[in-house]
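Residue 263 in the UniProt record's numbering is what sits at position 263 of the sequence shown, and the numbering runs on without skipping anything.
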Amino acid sequence: AMAAERGVAMATCTAPVNIAVIKYWGKRDTDLILPINSSLSVTLHQDQLKTTTTAAASRDFTEDRLWLNGKEADVGHPRVQACLREVRRLARKRRGSGEDTAALSLSYKIHIASENNFPTAAGLASSAAGYACLVSALARLYGLEEELSEVARRGSGSACRSMFGGFVQWQRGERPDGTDSLAFQVAPEMHWPELRVLVLVVSGEKKPVGSTAGMQTSVETSPLLKHRAEVVVPERLAQMMRHIRDRDFEGFGQLAMRDSNQFHATCLDTFPPIFYLTDLSRQIIALAHRYNAHHGHTKVAYTFDAGPNAVIFALADTVAEFVEVVRRSFPPATNGDQFVRGLPVGSAALSQELMAAVVTEPVPGAVQYILHTKPGPGPQLVDDPSQHLLGADGLP
């Protein structure tokens, strides 16, 4: 796979997005990216959302270079550099033990190209997928096999969770050097085959306050966040692991909604306050509660990260009806045929009772589209050389 045409070694990987159901918000060490609490997430399937990254090294390259979605970007970004440095350090350490003499020279400059099949920085966890993918491709290039979630964490905290598929915990850790702040898989993606995910994309815009700045202001000013990290999360984490183990959607869904709401409450408790939810996010929350109340139990569960897009969990047998409820509540402006993307969704007829109880005042055009997906695997190696994002000359 590492065809050294013209002395260019190359590796391409894909990596997934993850969505936290017990939220990470706040660092105790901003340099090492160590969190104030553990978190738990679901890795989404790469058929719908993924980052692809090619890393190439050659004696002929004169400088490190980076391209994101086709445009050259700053390879000197401190977090990109942290990942590069860590991977090279691990490779050096490995070679110290004399395992591989034919290995790639660590002094070679590298070229990196990365592409998302979804909008960057729109509250769709692009940094998590991006850094997980960067670290996977670099590790492959340098022939590393070890625990890499710790390296990915140095790029973006939530990226360590994208190093695994299925259901993943990022353990807070206790050590000041961060060596025990790692991610591990709680259950594989096949564990809960009926679980489905709907991403309601309300805006492809960049968020008002980036997560990095936002969470540190919260750490400095929110007493609620301190209580959350120390008291609430440890208990919720244990509960959530149980619900996942038992495939208990009622428990899983309720806790996911409560934790999302508390995370956004800590944003409001930050001073000055941070607002990631919009009027539309709140309408989606109310819609989910009306829908569940109508059915008398939890059939859908929302969670929101640092942005207005809603992620809805449901079991497969609920998807068609709820998608129809969303379509009636937020009728697509123009893209009726493009409104539902990803995994196929069946059609559903809504009863008059349901319409009357759940679909109150339609807001046309508010939801851009719905992406239907499910839990999926961790980073993958791409073997097909035609899929590399860089040519034999090391350029896009």
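The C-beta atom is built at its ideal place from N, Cα and C for all residues, glycine as well. Please read these numbers as outputs of a predicted model, since none were measured by experiment.
Check                                                                                                                                                                                         : Outcome
From Tyr108 to Phe184, what does the alpha carbon distance come to, in whole angstroms?                                                                                                       : 32 Å
If you draw a straight line from the C-alpha of Tyr369 to the C-alpha of Ser58, how long is it?                                                                                               : 42 Å
Would you call His297 buried or exposed, if buried means 16 or more other Cβ atoms sit within 10 Å of its Cβ?                                                                                 : exposed
Rounded to a whole number of angstroms, what is the C-alpha to C-alpha distance between Ala55 and Val17?                                                                                      : 20 Å
Distance check for Thr43 and Gly342, CA to CA, integer angstroms please.                                                                                                                      : 15 Å
Give the straight-line distance between the Cα atoms of Ala121 and Ala129, rounded to the nearest whole angstrom.                                                                             : With a pLDDT of 47 at Ala121, under the threshold of 50, the predicted position of this residue should be treated as unreliable, and no value is reported.
Where do the N-terminal and C-terminal ends of the beta strand (DSSP E) with Pro13 fall, by residue?                                                                                          : Inspection of the sequence shows that residue 13 is occupied by Cys rather than by Pro. Its beta strand (DSSP E) spans residues 8-16.
Given this structure, state the Cα-to-Cα distance separating Thr62 from Glu145, to the nearest angstrom.                                                                                      : 28 Å
Could you pull out every unbroken beta strand (DSSP E) segment of at least 3 residues lying fully inside the region 331-376, listed in chain order?                                           : 340-342, 369-373
Determine the closest residue to Ser41 out of Arg175, Pro208, Thr303, Arg88, with distance taken between C-alpha atoms.                                                                       : Thr303
When you compare each of Leu182, Leu124, Asn261 to Leu198 by their alpha carbons, which one comes out closest?                                                                                : Leu124
When we look at the beta-carbon of Ser281 and count the other beta-carbons within 10 Å, is it buried (16 or more) or exposed?                                                                 : buried
For Asp259, which option in Ser39, Arg328, Ala11, Pro193 has the closest C-alpha, if you only look at C-alpha atoms?                                                                          : Ser39
Three or more C-beta pairs under 8 Å: does that hold for the region 8-23 against the region 331-342?                                                                                          : no
What are the boundary residues of the beta strand (DSSP E) that Ala316 is part of?                                                                                                            : Unbroken run through Ala316 is the alpha helix (DSSP H), 316-329; no beta strand (DSSP E).
Please go through the same chain and pick out, in chain order, the residues whose beta-carbon is closer than 6 Å to the beta-carbon of Ser118, but skip the five residues on each side of it. : Just to set this straight, residue 118 is Phe in the shown sequence, not Ser. Taken in chain order, the residues that qualify are Leu49, Leu124.
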